[in-house]
Amino acid sequence: MSALKPNVVIGGVLVGVVALAALVGMIWTPFNPLAVSFTARLAPPSELHWLGADEFGRDVLSRLMVAAATSARISLLTVVGALFAGTTVGLVAGYFQGWTDRILMALNNALLAFPGILLALGLLAIMGANEYGIILALGVAYSPSVARVVRGAVLSLRETDFVAASRIMDNSEIYTIVRHILPNCIAPLIVLATSMFGWALLAESALSFLGLGVPPPAATWGNMLAASRPFIAQAVWLGLFPGLCISLTLMGINLLGDALRDRLDPRMRGV
Amino acid sequence: MKRMLVTAIVVALSMFGVAQAATRVTVALTADIRSTDPGVNRDDNTDGVILNIVEGLVGYGEGGDVKPLLAKTVDVSPDGLAYTFKLRPDVRFHNGETLNSSDVIWSWNRYMDPKTGWRCLADFDGRNGLKVVSVEAPDAETVIMHIDHASAMFLDTMARTDCGMTAILNKASIKADGSWDHPIGTGPYKFVDWKRGRSVTLARFESYVSPAGAGFDGYVGLKTPHIDNIEFQVVPDPATVKLALSTKSINIAQVLSSDVKELKADPNLVVLSIPDSSKNVLLFQTKDPLLADQKLRRGIAAALDYEQLVDMAGDGLSRPNNSAVFQGSIYFDDVQREGFKTDLSEAQKLLRESSYKGQTIKLIANKRSPMPSFQVAVATQAMLQAIGVNVEIEVLEWATQLDRYNSGNYQMMSFSYSGRLDPAMSYEQFAGDKTKQLRKVWDNPKALALIDRAELVSNQDERRKIFDALHLMALNDAPLLTLYNGLTVWVHNKLISDFKPWEGKPRLWNMRVDD
Amino acid sequence: MIRFISKRLLTALPTLLIVAMLVFVMIRLIPGDPAALMLGDRTDPASLADLHRRLGLDQNIATQFVRWFGHVLRGDLGASIRTGEPVLPLVVNRFWVSAGIVVTAVALAALIAVPAGMIAAWRQNEALDVGIVSAATLLLSIPSFWLGLLLLYAFGLKLGWLPVVGYVAFSENPFAALLYIVLPVVTLVLHETGVLIRMARASTLEVLRLDYITNARAKGLSEPAILVRHAFRNAFGPTWTLIGLVFGNLFAGIAVIETVFTIPGLGRLLVDSIFGRDYPVIQGCLLFIAFTYVGTNLVVDLLYPLFDPRVTAQ
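Residue numbers (the numbering used here), protein chains in the order written: chain A, 10 to 280; chain B, 22 to 536; chain C, 4 to 317.
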């Protein structure tokens, strides 16, 4: 084992800090993140409010800490959901081909062409105003890309020797898929997954900007960033800190993702 | 300097079409207008543009009273069943034709045709109570309308902005196949062009003849157009609007109340905050098992510090008003000034006596800009927390909230009612039989009888007594908490003078611009 | 070739049908009523019934769908509830506005991102690579509504070089039109460059490890020559596929840009229609977006062999 590469260290530190902030935020925050203060409206960073206060006098640091957990949960669940659904569809479609493939891909393309904002609105209406509507909407919106990537990989793997061998050895279809095909799809999926993690953070923010994100008063980095926009001239810290949180987290995730891919991709091993 | 590029284009553009020294003003719109057909396909934003182009027989004055506009006089028969409108003789349409009674009859018949889709048809064909039996034009300057029963609301309804002021239009406004073309009205500005999704352009109507008056008076009074060209530009993002004001690419805009402090610091801009008759309210669903308890509702009412709440929600620009009668109304007197008393110990006493046992109450709000719904909800939640009432805010998108409002499906709701100048109409917005209309909030038979009465009598003193009584009943029942009247903040370039928006809508007449 | 194209178009039909049905049902399941929105808080039952009848919303969903779909088959997408405009010309008009911006932006982004990604891969794990990847990540992580506002602030207000609001169509005045789309295009380019750099870098890395590159190296070819002659053609393929995906996502995402820069495009139209529950326009927009999406991907697949010698069109 060689010594850790610098990008792994930097990535690990960035992600670790976010995870730590999220964990601490679950137990303790300097202020109640929802507590309104009539006197602290738009207060600049000070000894009392380290990162300032927002338009309702709520402590920005406390909200960022709580939001770390919410934002991470949204992105993680979105990515995991999209990976699971997309991989399943892609494997089934690519492996069985024929009509199964045609039907699944028609559905898949329909979803790809379906804008996330309408999904978000629909699911928020059905699930009530909470983060799970957003997670589901983004998950559904991202899974078709995963399905396409996996299906493509499966199609090229299907005809390889080791898959044919597995079939000849009378292994079940599912065993063949899970044992031989799935592991070879991992590398492209990791690149996609780390990208999706970032997309989810930003998509949630863009939805908030258009009026459909995770409903306030619950805090996410995305909706804090969107809500800070009218105050760009009066209180720049309102947008700066959540923006930094998103940037640094993305950088950390991407660095770790690239490192992980380099390790896992069979073609890249030993280079 | 570096602005040259932009300036060069502006100059190039202005050399194209517009004559020299023509004055031009750009006004920002937060959304595109829905159509140019008054009272047919409209929203408040649309009305704000169109009512500079068209006028009705009567219009609202500043105090919410109805005054003649295209009519010189309006006479009501002693039995209240016949209204005689004498037209002003010198009024011209934008195409040069002179207004006469046949135009009124034509416009009226068009509105009463269900195919037109006039928004206020049901208010005049008997389905909502009042019915116009017949309309006649004995001569070119006279129109007589006969209604089926005496009503104090007839002229009010005609003057309503959402009815498009029941504008009188020239026949050339519609195409040969009967479809809508563009408005040819009698207003101070004429319609020039509508680039969908982008802009609406108006031009000064040179032959405009103003109704009598000394100055601004609602939609009547002295109206003189001074600006040669006015362009409404669609700018949906409030942050962009601010930048556009600073770069002078927009001369007039409505802005968020939270931006006032920032914009006041700019020496080139003038900030106006203008209260109107819209109402920001907290609604209770009195059919809800928990909130059916009047003690709980009154406890909540006593727990709110209205000064502080309004200060936070309205960014320090508004004053509390617990009455359904707006602060500028001719009926806003000392009785109306009386409001809910903030008294925490009284609130706690009422809560103890009530059936409330710490349940979570859901408060629905929206983030539709520039409405203060969410701000009101956050402040309310904080104040109720202090006396041990748990409120959970549920933010919905506006169309969804409106759906919940119309079906009565809520516990508490932070809501804004659009402006109603007449108090009877203001009460009618939320009072009514809940079994017939689920959206109604206040269902008290005694109050409903009083409102019906106010819609019948025209005598101001008698109406004042009715409204005072209604206000005290509403404070006691607390079916909703009226918090404060809405306010629109407008910013304009320092070179513009006499820009006086009213009821949230831009009035373009009398306004001047210095070169 | 013609058979390939017609087959692809035929397989796209079910996709379009599914989109049409999904949208139709979904938008009607969402609470909210276009008639109530139009009447606001003065929704008396009589006026509401009038409006429902006029808009054809008084019938059940199945009847409404059959009627709408019948019209669609005849090329009639209906008329907007909010403005009464016919949907097809409305959508097509707005599409060209958005398309002009999106196509320019993606083309520029690809021109910047592909070489940058390749250089990063070539200098993997060196300072240049870390710099490029960090810059890409930073660009990726700034929401376009913030980036756009900052650019407006800098170039519109502080420097005064470019207009802050408004839009001029290309057909009206090409020079002025350019001035108005500079900032939205730059905003999009910056963002999409971030996305594409990572993809180009990853695919180049993969290619650089293949045998024929090793062979080329062994033959003594210079590194830039390898990069340009061999790696570029091979690495561009996957990126090209991604560009197809990016197009699809952009039409959903461009609403934000169009809001900030006051551009009357398709994204803004869709968002406004969704909030206004303008059913015919929402349906028309989505059908159209799905259609262009299918079309774009077809073009991408047809052009793929040009960039990736390993693949030939069937």
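Don't be surprised by glycine CBs; every beta carbon is placed ideally from N, CA and C.
Predicted model only: the values in this text are computed from it and were never measured.
Where residue 98 of chain A is concerned, the enclosing alpha helix (DSSP H) starts and stops at 69 to 105. At a cut-off of 7 Å between C-beta atoms, residue 398 of chain B does not count as an interface residue with respect to chain C. Scanning its chain for C-beta atoms nearer than 6 Å, with the 5 sequence neighbours on each side dropped, one finds around residue 119 of chain B the residues 113, in chain order. For residue 218 of chain B, the chain C residues whose C-beta falls within less than 8 Å of its own C-beta are 97, 267, 271, 272, listed in chain order. For the region 204 to 236 of chain A, the set of positions with a beta-carbon nearer than 8 Å to some beta-carbon of chain B reads 220, 221, 224, 225, 226 in chain order. A Cβ-Cβ distance of about 5 Å is found for the pair residue 188 of chain B and residue 77 of chain B, placing them in contact under the 8 Å criterion. In this chain, residue 170 of chain B is not harboured by any beta strand (DSSP E), its DSSP state being neither H nor E. Under the 7 Å criterion on CB atoms, residue 257 of chain B is classed as interfacial with respect to chain C. For residue 280 of chain B, the chain A residues whose C-beta falls within less than 8 Å of its own C-beta are 239, listed in chain order.
Collapsing the DSSP output to three states places residue 74 of chain C in a helix.
A distance below 7 Å between beta-carbons, with the five flanking residues on each side excluded, links residue 82 of chain C to the following residues of its chain, in chain order: 88, 89, 90, 283. Within the region 338 to 402 of chain B, the runs of beta strand (DSSP E) that reach at least 3 residues and sit entirely inside it are, in chain order, 381 to 386.
At a C-beta separation below 7 Å, residue 138 of chain B has these neighbours in chain C: 57. Residue 75 of chain A is outside the set of residues whose beta carbon lies under 7 Å from a beta carbon in chain B.
Counting along the chain, the unbroken beta strand (DSSP E) around residue 299 of chain B starts and ends at 290 to 305.
Among the residues of the region 323 to 348 of chain B, those with a Cβ less than 7 Å away from any Cβ of chain A are 329, 333, in the order of the chain.
Neighbours of residue 419 of chain B across chain C, judged by C-beta separation under 9 Å: 35, 40, 278. Cβ-Cβ distances below 7 Å link residue 333 of chain B to 396, 400 in the same chain, with the five nearest sequence neighbours on each side left out; the list follows chain order.
Going by C-alpha positions, residue 121 of chain C is about 6 Å away from residue 207 of chain C. Relative to the Cα of residue 481 of chain B, the nearest Cα in the group B:351, B:344, B:94, B:97 belongs to B:351. Interface residue (Cβ-Cβ distance to chain B less than 7 Å): residue 91 of chain A is not classified as such. The beta carbon of residue 183 of chain C does not come within 7 Å of any beta carbon belonging to chain B, so the residue lies off that interface. Around residue 261 of chain B, the beta-carbon contacts reaching into chain C at under 7 Å are 155, 167, 168, 263, 265. At a cut-off of 7 Å between beta-carbon atoms, residue 255 of chain A makes contact with chain C.
If you compare the alpha carbons of B:526, B:166, B:147 with that of residue 155 of chain B, the shortest gap goes to B:166. Counting only runs of 3+ residues, the beta strand (DSSP E) found wholly inside the region 211 to 271 of chain B occupies 220 to 225, 250 to 255, in chain order. Boundaries of the beta strand (DSSP E) around residue 511 of chain B: 501 to 514.
In terms of Cα proximity to residue 230 of chain B, the closest of B:312, B:110, B:335, B:466 is B:110. For residue 127 of chain C, no alpha helix (DSSP H) encloses it, and the DSSP letter there is neither H nor E. Residue 186 of chain B sits buried, since 16 or more C-beta atoms from the chains shown fall within 10 Å of its C-beta. Excluding five sequence positions before and after residue 469 of chain B, the CB atoms of its chain that fall closer than 8 Å to its own CB belong to 452, 453, 454, given in chain order. At a cut-off of 3 residues, not a single continuous stretch assigned as beta strand (DSSP E) sits fully inside the region 235 to 266 of chain A. Residue environment for residue 263 of chain B: buried (at least 16 other C-beta atoms within 10 angstroms of its C-beta). The DSSP assignment places complete beta strand (DSSP E) segments of no fewer than 3 residues inside the region 137 to 213 of chain B at 153 to 160, 163 to 168, in order along the chain. With distances taken between CA atoms, residue 101 of chain C lies nearest to C:258 out of C:303, C:289, C:258, C:135. Under the 7 Å criterion on CB atoms, residue 143 of chain C is classed as interfacial with respect to chain A.
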